[in-house]
Structures are given as structure tokens and as C-alpha cells.
Amino acid sequence: MEKNGEHRRSYETVLPLATDLGLTVDTSCKRNKVHCVAKTVNDYDGPGNILISWRHKKMRELVQALGYDDAPEYPDDRFDLIWTIPFPYDNITDIRSEDCPVLDIPEELTVEL
Numbered sequence: 099m100e101k102n103g104e105h106r107r108s109y110e111t112v113l114p115l116a117t118d119l120g121l122t123v124d125t126s127c128k129r130n131k132v133h134c135v136a137k138t139v140n141d142y143d144g145p146g147n148i149l150i151s152w153r154h155k156k157m158r159e160l161v162q163a164l165g166y167d168d169a170p171e172y173p174d175d176r177f178d179l180i181w182t183i184p185f186p187y188d189n190i191t192d193i194r195s196e197d198c199p200v201l202d203i204p205e206e207l208t209v210e211l
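According to our numbering, the sequence shown is numbered sequentially starting from 99.
So, in C-alpha cells, the structure goes:
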């Protein structure tokens, strides 16, 4: 992570999951270098899935760098969307939110006792 915080938000987004799974977060690509991320993804030969947390304004460009030319624009007012792009990374098969109350959707959390 850069000292000036370039990766801070993305890093803090994935750190709890990585910690729980015993994984290291790869922060080797600089903030706007989507081709670096695409190369890192394409060079990966390990098991399992790849989770990318990136600036939402760069998501379309990142998906295009992976090889999907018809990627939609990521909405400016959303920070909670998960895009699923299975290998060979040429199609978005799912876009969804976890719909976490208060975090992702503007409503109050209701707890029943």
C-alpha cells in the first residue's frame, strides 16, 4: 500500500476477508494502472477465484483490459456493486449488491426482538 493512501480504501475493503482466509492482499499495481491488474489476473495460475477491489470509476476500463469490450459504466453513486466475470473474463455474468442495510441501501436497520 502506498504511503499516500492510494490503495487504502480498496485494501481496507478486502483485508478482513483476506485475513480470515489467510491470504495476502496484492497491492503491486498502482492506482490507475488497469493493464497491470489485467496482466496480474491473466498471469494467475493458482486455485480459486480472484477478488478485485478497485476504484469504481475505473471498473469499466479494467473489465475492458481483461477482454470484455461491452462493459457497462459503473454508476457514479454506487460503491457496493459486485461484478462477476468468470474466466476467460469476456463477459459479466452477474451484477449485484449484498444490500446491507444502512451501508448499501438507504434505509434504517430494523431489529426484531
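A virtual CB, placed ideally from N, CA and C, is assigned to each residue, including glycine.
Here C198 is exposed. Its C-beta has fewer than 16 other C-beta atoms within 10 Å.
A straight-line Cα-Cα distance of about 26 angstroms links E110 and F185. Listed as beta-bridge partners of I193 by DSSP are W181. Within the same chain, and ignoring the five residues on either side of M157 in sequence, the residues whose Cβ sits closer than 8 angstroms to its Cβ are A169, Y172, W181. Just so you know, the alpha carbons of R194 and H154 end up roughly 14 angstroms apart. Cβ contact annotation for A136 (same chain, cutoff 6 angstroms, sequence separation greater than five): A163, L164, in chain order.
Taking C-alpha positions only, D188 is separated from Y166 by approximately 4 angstroms.
N140 sits in a helix when the DSSP states are folded into three classes.
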